[in-house]
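Novice: Each residue of the sequence shown is one higher than the one before, starting from -6 at the first, in our numbering.
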Amino acid sequence: MILPVIMAGGSGSRLWPLSRQQLPKQFLTLLGDNSMLQTTAKRLNGIEHLPALVICNEEHRFSVAEQLRADAIQTSGIILEPVGRNTAPAIALAAIQALKNGDDPLLLVLAADHVIKDEAAFCASIEQAIPFANANKLVTFGIVPTAPETGYGYIKRGDAQEGQTGFTVAQFVEKPNLATANEYLVSGEYYWNSGMFLFKASTYLAELKVHRPQMFSACEQAMADTQADLDFIRLNKAAFEACPDDSVDYALMEKTAQAVVVPMDCGWSDVGSWSALWEVSDKDEYGNVCRGDVINIDTRNTYVNATEKLVTTIGLDDAIVVETKDAILVAKQSDVQQVKNIVEQLKAEERSEWQHHREVYRPWGKYDSIDNGERFQVKRITVKPGEKLSIQMHHHRAEHWIVVSGTAKVTNGDNDILLTENQSTYIPVGVVHALENPGKVPLELIEVQSGSYLGEDDIVRFEDRYGRIEGK
């Protein structure tokens, strides 16, 4: 039986300003009506499989759980990585978890942030790979190239395997220059490296133990001491921190003698840049891709994403325009790889825009920082029905809460009160408080903070149903 393993880690900085550290591209709706994570999970409907096992960063756990819950997608669990250690250890964690109940499934390893347009071809290639995986081969899927792409690594095929549906892996090669990429395309012997795999859990671990014993040992120790927390699987942090950091290609696929590549021609893209997203998106008669409220005049071959405001363009060609509540990107399509340099500069200047949006999602709902200045900040807070913020206090700020709609159950010191529309309460510095929505509709309120320090880390928690250590 196939056990899908969906890798939902990564920061996706190349799609800034939509993608941020706390909301990377796998959680964004870039094509259609679903996020990339949701689309990846639904893509599996064409094959027989067990509920997927998802791997993500600890800080993204509620984004993963909420998006899967919203689409009623069942999982075999969500493994939380306390620190990032690249793909080889992450797959090892999944393999160890898969073997715990005594079965030895085929792991179908997928990234949560890829686009696949021909899902029937995707499923057909997986079916072709199953016999190789059952024969203890480590299968990687090679995308049949459609252009001399310089942004992808390549796989050179070797001898054909039985049935001509797979080939031995002759070589993994790094991203080539344009001339070399053209040679690869003409030869017909090279595929784009998709980062998708199929193999037995036991086969992967056996090969990893041979080629990277220290990595195998660290992952084994990390998974020997797991804790279940709702759908989340928490591992031993100290053991995993000691694990080497490496990709599955470098750690294993380039070393093993059991690697097989199965071709896949499915309209694949890793959406690694804004120009790549323009390539795979539906375009109008002028070659433009428009999302949101957009008016174009004499504009061609341009991607425009308007999140909050009306965006208008005049006379643009081969451009990227992306608008969010707190940042705007305007770039030539040919220069979009430099977006990561902007993110690095934002980090260096300790600005918040690389890390999170103005509107921040939490497990209980969301808040939007609509105004701020010296010693004050104004937020619009939305609390989902039945949800509750932590019981907490602040050392440096007082808060005023004004209910806009819905009903708020408020703990303010020793008092528990109910507030409805247009009612308010004041919470002084140092007073223990909590906010809950006991109703059946979303609670919306305006929070006005005032004080000497307004950072999100000025929170002392006394009780929290979500098991959080930091953040509101």
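We put the beta carbon where it would ideally sit given N, CA and C, even for glycine. This one's a predicted model, so the numbers in the text were calculated from it and none came from an experiment.
State the DSSP-derived secondary structure class of K149, mapped to helix, strand or coil.
Specialist: Looking at K149 - three-state DSSP - the assignment turns out to be strand.
Novice: Skipping 5 residues on each side, what residues in its chain have a beta carbon closer than 6 Å to that of A324?
Specialist: Only I313 meet the Cβ criterion.
Novice: What residues match up with C49 in a beta bridge as DSSP calls it?
Specialist: In the DSSP output, where bridge partners are listed per residue, C49 has L73.
Novice: Please check the pair A1 and V76, which I expect to be a contact at CB under 8 Å, by giving their CB distance rounded to whole angstroms.
Specialist: In fact, because the Cβ distance is near 15 Å, the residues do not count as touching under 8 Å.
Novice: So, with DSSP's three-state summary, where would you put C259?
Specialist: Coil.
Novice: Note down the Cα distance separating S195 from L92, rounded to an integer number of angstroms.
Specialist: About 8 Å.
Novice: Sort Q90, K359 and Y419 by Cα distance to A221 and report the nearest one.
Specialist: It is Q90.
Novice: In whole angstroms, give me the CA-to-CA distance for G265 and A320.
Specialist: Their Cα atoms are separated by approximately 20 Å.
Novice: Can you tell me the Cα-Cα spacing of D286 and A163, whole angstroms?
Specialist: Whole-angstrom Cα-Cα distance: 49 Å.
Novice: Identify, in the order they occur along the chain, each residue of the same chain with its Cβ nearer than 7 Å to the Cβ of E352, setting aside the five sequence neighbours on each side.
Specialist: K318, K359 and D361.
Novice: Closer than 7 Å, CB to CB, is V108 near chain D or not?
Specialist: As a matter of chain content, chain D is missing from the structure shown, which is built from one protein chain.
Novice: Note down the Cα distance separating K230 from M216, rounded to an integer number of angstroms.
Specialist: Those two C-alpha atoms are separated by around 10 Å.
Novice: Measuring only the C-alpha atoms, how far is V43 from E343?
Specialist: The sequence shown places Leu at residue 43, rather than the Val named in the question. Taking the straight line from one Cα to the other gives about 43 Å.
Novice: By the three-class DSSP mapping on this structure, what secondary structure does Y446 have?
Specialist: Three-state DSSP puts Y446 in coil, outside helix and strand.
Novice: Report the rounded CA-to-CA distance for D451 versus H426, giving the unit in angstroms.
Specialist: D451 and H426: Cα-Cα distance of roughly 14 Å.
Novice: Which first and last residues belong to the beta strand (DSSP E) in which F20 is found?
Specialist: Looking at the DSSP string, F20 is not in any beta strand (DSSP E), and its letter there is neither H nor E.
Novice: So the alpha helix (DSSP H) E176 belongs to, where does it begin and stop?
Specialist: Its alpha helix (DSSP H) spans residues L171 to S180.
Novice: Name the residue from H204, S210 and T139 whose alpha carbon lies nearest to the alpha carbon of G181.
Specialist: Of H204, S210 and T139, the residue nearest in Cα terms is T139.
Novice: Return yes when the Cβ of D258 is within less than 7 Å of the Cβ of V453, no when it is not.
Specialist: For V453 and D258, no; Cβs fall outside 7 Å.
Novice: So, is I119 buried or exposed, given that buried needs 16 or more other C-beta atoms within 10 angstroms?
Specialist: Buried.
Novice: Just the Cα atoms here: how many angstroms apart are P17 and G3?
Specialist: One C-alpha to the other measures close to 7 Å.
Novice: Taking the alpha-carbon positions, what's the L428 to A401 distance?
Specialist: So the two alpha carbons sit approximately 7 Å from each other.
Novice: Over what stretch of residues does the beta strand (DSSP E) that includes M386 continue unbroken?
Specialist: Note, M386: beta strand (DSSP E), I384 to M386.
Novice: Is it right to say L171 is buried, meaning 16 or more other beta carbons lie within 10 angstroms of its own, or is it exposed?
Specialist: L171 comes out exposed.
Novice: Express the C-alpha separation of G95 and C212 in angstroms, rounding to a whole number.
Specialist: Looking at the two C-alpha atoms, the distance is approximately 18 Å.
Novice: Excluding sequence positions up to five away, which residues of its chain have a Cβ less than 7 Å from the Cβ of G464?
Specialist: Confidence in G464 is poor, its pLDDT being 42 and thus under 50, which makes the residue's placement unreliable; the coordinate value appears in the next sentence. Excluding residues within five positions, the ones whose Cβ falls inside 7 Å are E449.
Novice: So L131 is in the beta strand (DSSP E); what residue range does that whole segment cover?
Specialist: Per DSSP, L131 belongs to the beta strand (DSSP E) from L131 to I136.
Novice: Anyone know if the C-beta pair for I384 and L438 falls short of 7 Å?
Specialist: Cβ atoms of I384 and L438: not closer than 7 Å.
Novice: So, are the CB atoms of K372 and V253 less than 7 Å apart?
Specialist: Taking 7 Å as the Cβ cut-off, K372 and V253 do not qualify as a contacting pair.
Novice: Between E234 and A81, what straight-line distance do the alpha-carbon atoms span, to the nearest angstrom?
Specialist: Answer to the nearest angstrom: the Cα atoms are 14 Å apart.
Novice: Return yes when the Cβ of K340 is within less than 7 Å of the Cβ of R7, no when it is not.
Specialist: No.
Novice: Could you check the C-alpha separation between N186 and S417 for me, to the nearest Å?
Specialist: Distance between the alpha carbons of N186 and S417: 57 Å.
Novice: Do E74 and N38 come within 7 Å of each other at the CB atom, strictly closer than that value?
Specialist: No. Outside cutoff.
Novice: Indicate the three-state DSSP secondary structure (helix, strand or coil) for N334 in the structure shown.
Specialist: Correct three-state label for N334: helix.
Novice: Quickly, what does DSSP pair A502 with across the bridge? List them, please.
Specialist: Residue 502 is absent from the structure shown; the chain starts at -6 and stops at 465.
Novice: Could you give the residue range of the alpha helix (DSSP H) that holds P124?
Specialist: Element bounds for P124: E112 to N127.
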